[in-house]
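Participant:
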Amino acid sequence: MNILAIGAHPDDIEMQCAGTLALYAQAGHQVWMAIATNGNVGSPTHTSAEIGAIRKKEQEESCALIGAKLIWMDFDDEWLFNDRPTRTRFIDAIREAEPDVMFVHGPTDYHPDHRVAGQVAEDARIPASVRLVETALPYTKKIPHMFYMDNPTGLGFEPEAYVDISSVIETKREMLRRHVSQDAWIRAIYDDASITDMMDKNAAVRGAASGYGFAEGFREVKTYPRTGSFKLLPGFGA
Numbered sequence: 012m013n014i015l016a017i018g019a020h021p022d023d024i025e026m027q028c029a030g031t032l033a034l035y036a037q038a039g040h041q042v043w044m045a046i047a048t049n050g051n052v053g054s055p056t057h058t059s060a061e062i063g064a065i066r067k068k069e070q071e072e073s074c075a076l077i078g079a080k081l082i083w084m085d086f087d088d089e090w091l092f093n094d095r096p097t098r099t100r101f102i103d104a105i106r107e108a109e110p111d112v113m114f115v116h117g118p119t120d121y122h123p124d125h126r127v128a129g130q131v132a133e134d135a136r137i138p139a140s141v142r143l144v145e146t147a148l149p150y151t152k153k154i155p156h157m158f159y160m161d162n163p164t165g166l167g168f169e170p171e172a173y174v175d176i177s178s179v180i181e182t183k184r185e186m187l188r189r190h191v192s193q194d195a196w197i198r199a200i201y202d203d204a205s206i207t208d209m210m211d212k213n214a215a216v217r218g219a220a221s222g223y224g225f226a227e228g229f230r231e232v233k234t235y236p237r238t239g240s241f242k243l244l245p246g247f248g249a
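Put into structure tokens, the structure is as follows:
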């Protein structure tokens with residue numbers, strides 16, 4: 012299968028579903044990670060151009076750890092909107108990856124870029140398969156099954172399904188550790204723990220709720236047409 016996760020910023024996907032992606036990769040599936048914005052405002056010291064380039068390199072390094080292919084959309088951080096250019100780019104991301112399964116941000120996420128990225132991904136799901144919706148890439152014949160990934164720290168999100176990521180928790184940590192600049196930014200503006208510590212806490216909470224050591228939580232996007240089920244998540248329906 013082809014698996015596509017769409018995140019608003021570099022490190023979003025790693026925080027919310029990298030363990031599940033690592034399990035898919037281990038099972039021989041092709042993983043794609045599409046990043047909507049370039050993270051070009053997240054630095055207390057670098058220029059916008061400098062931090063954007065740094066964050067792209069960090070994302071490339073993270074993807075390489077599980078053999079994921081990167082789709083870099085390069086929209087400006089904090090200025091993501093549900094307009095025609097954005098939807099067109101998201102349609103092409105779906106057409107490029109031809110996914111069977113997609114993971115996207117949910118509507119209860121705290122960050123506007125996250126919510127917009129999730130909504131645009133939902134809105135682009137069907138048009139990507141429509142022949143006369145003409146973009147840079149030909150239409151795909153697949154309509155993927157979609158899941159909402161967890162919110163940062165789990166706030167405002169009630170999972171319907173859990174994936175046991177205990178066996179790949181160190182891979183997930185290492186993917187997050189590649190985002191050095193984001194870790195520095197989070198510490199600078201929130202005076203908080205590292206992004207890896209934040210992830211560990213939520214993965215442990217989700218694990219406790221599901222009987223695993225560490226877990227990631229998901230909700231099915233219940234929309235027409237329904238093209239799959241929870242069995243498309245690793246560990247379900249085995």
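Heads up: the sequence shown at position 112 corresponds to 123 in the numbering used here, and the numbers run straight through without jumps.
Ideal placement from N, C-alpha and C gives every residue a C-beta, glycine not left out.
I'd like the ranges of any beta strand (DSSP E) spanning at least 3 consecutive residues and lying wholly in the segment 46–89.
Facilitator: Entirely contained in the segment 46–89, the beta strand (DSSP E) runs reaching 3 residues are, in chain order, 80–86.
Participant: Would you mind sorting G78 into buried or exposed? The rule is 16 or more other CB atoms within 10 Å of its CB.
Facilitator: The residue is exposed, with fewer than 16 neighbouring Cβ atoms inside 10 Å.
Participant: Compare the C-alpha of L91 against each of C74, A108, F114, N51 and name the closest.
Facilitator: Comparing Cα positions, the closest option is N51.
Participant: Residues in the same chain with beta-carbon distance under 8 Å from H190, minus the five sequence neighbours each way, listed in chain order, please.
Facilitator: Cβ neighbours of H190 beyond the five flanking positions: P21, D22, E25, R66, E69, Q70, S73, I206.
Participant: Report the three-state DSSP secondary structure of V144 (helix, strand or coil).
Facilitator: Three-state DSSP puts V144 in coil, outside helix and strand.
Participant: Quick check on the burial criterion: 16 or more other C-beta atoms within 10 angstroms. Buried or exposed for Q27?
Facilitator: Classification of Q27: buried, given that the 10 Å Cβ count is 16 or more.
Participant: Where do the ends of the alpha helix (DSSP H) carrying Y223 lie?
Facilitator: Y223 -> no alpha helix (DSSP H), and no H or E assigned at all.
Participant: Tell me the DSSP bridge mates of G228?
Facilitator: Paired residues: Y173.
Participant: I'd like to know if the segment 153–171 and the segment 219–229 are in contact, where contact means that at least 3 CB-CB pairs between them fall below 8 Å.
Facilitator: Verdict: yes, contact present.
Participant: If we ignore side chains and look at the alpha-carbon of each, how far apart do K212 and P123 end up?
Facilitator: Distance between the alpha carbons of K212 and P123: 23 Å.
Participant: Opposite G18 in the DSSP bridges: which residues?
Facilitator: BP columns for G18 point to I46.
Participant: What whole-angstrom Cβ distance do P110 and A199 have, given they're in contact under 8 Å?
Facilitator: No, P110 and A199 are not in contact; Cβ-Cβ is about 35 Å, not under 8 Å.
Participant: Could you tell me which of N93, T58, L15 sits nearest to H125, measuring between CA atoms?
Facilitator: Closest option to H125, Cα to Cα, is N93.
Participant: DSSP on A249, reduced to helix/strand/coil?
Facilitator: With a pLDDT of 46 at A249, under the threshold of 50, the predicted position of this residue should be treated as unreliable, though the coordinate-derived value follows. Three-state DSSP puts A249 in coil, outside helix and strand.
Participant: Sorted by chain position, which residues of the same chain lie with C-beta nearer than 7 Å to A139's C-beta, five sequence neighbours on each side aside?
Facilitator: For A139, where only same-chain residues beyond five positions count, the Cβ hits under 7 Å are I102, I105, R106, Y150, T151.
Participant: Nearest to M113 by CA position, among A204, Y121, Q130, L187, is which residue?
Facilitator: Comparing Cα-Cα distances from M113 to each of A204, Y121, Q130, L187, the minimum goes to Q130.
Participant: Look at the Cβ atom of T48, then the Cβ atom of E89, and state whether they are nearer than 9 Å.
Facilitator: Yes, Cβ-Cβ distance for T48 and E89 is below 9 Å.
Participant: Around the Cβ of T234, are there at least 16 other Cβ atoms within 10 angstroms (buried) or fewer (exposed)?
Facilitator: The residue in question, T234, is exposed, as its Cβ has fewer than 16 Cβ neighbours within 10 Å.
Participant: Decide if A249 is buried, meaning its Cβ has at least 16 other Cβ atoms within 10 Å, or exposed.
Facilitator: Note that A249 scores a pLDDT of 46, beneath 50, so its modelled location is shaky and nothing firm can be said.
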